[in-house]
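Take the sequence shown: its letters are residues -19 to -1, 1 to 141, numbered as in mature numbering (1 follows the signal peptide of the UniProt record, and there is no 0). For each residue, glycine too, the CB sits at the ideal point set by N, CA and C. Data first, discussion second: the structure below is written as structure tokens.
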Amino acid sequence: MKTTIILGFALCITMAASAQTKVAHPRQVRQDTRDIRGDRRDIRSDKKDIAKDTKDIHGDKQDRRQDVKDRNQDKKDIRNDRKDLAQDRKDGNASDIAADKADIKSDAKDIHSDNKDIRKDSRDVRKDRRDRRGDVKDLKGDKKDLNQDKKERVQDATGN
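Listed below in structure tokens is the structure:
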């Protein structure tokens, strides 16, 4: 009778202890591990995207700088052509006057196209910066997801 009471009492204590302890979930741990791998993959991808956007921005800035240099050179050419035109008018060289007018017209077209290129490059820089900002936000979100998945995996592994 005493052993029955002792065994019954021991059984109650064991059941109470097991009710408080949670069991680990191996399937959920595996799923959390997969999620962590996916988050790490996303982070690597976002870092590559950020690096690519940075390169694109750098290239577009160089293109824009070159277009500005070209435009400034064309402006100098127009000034020189106008001086030549004025000199040719003084001298009365009809053939040179026509050539100078054609040069001025050509340089004006070049300036117009350079301005278009500068606008396009500026737009590209803005677009690439916007893309990079989006990729940085994605990277931050992926890092948060990774940390959350790590916490969940620990909780599932320990059963807490």
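Within the model, the alpha-carbon separation for residue 98 versus residue 72 is close to 38 Å. Per DSSP, the continuous alpha helix (DSSP H) segment holding residue 93 begins and ends at 75 to 139. Per DSSP, residue 39 is one residue of the alpha helix (DSSP H) stretching across 7 to 72. With a cutoff of 9 Å on beta-carbon distance, residue 116 and residue 37 are scored as not near each other. The C-beta distance from residue 119 to residue 17 rounds to 17 Å, too long to meet the 8 Å contact threshold. Just measuring C-alpha positions, the residue of 23, 10, 39 and 19 sitting nearest residue 110 is 39.
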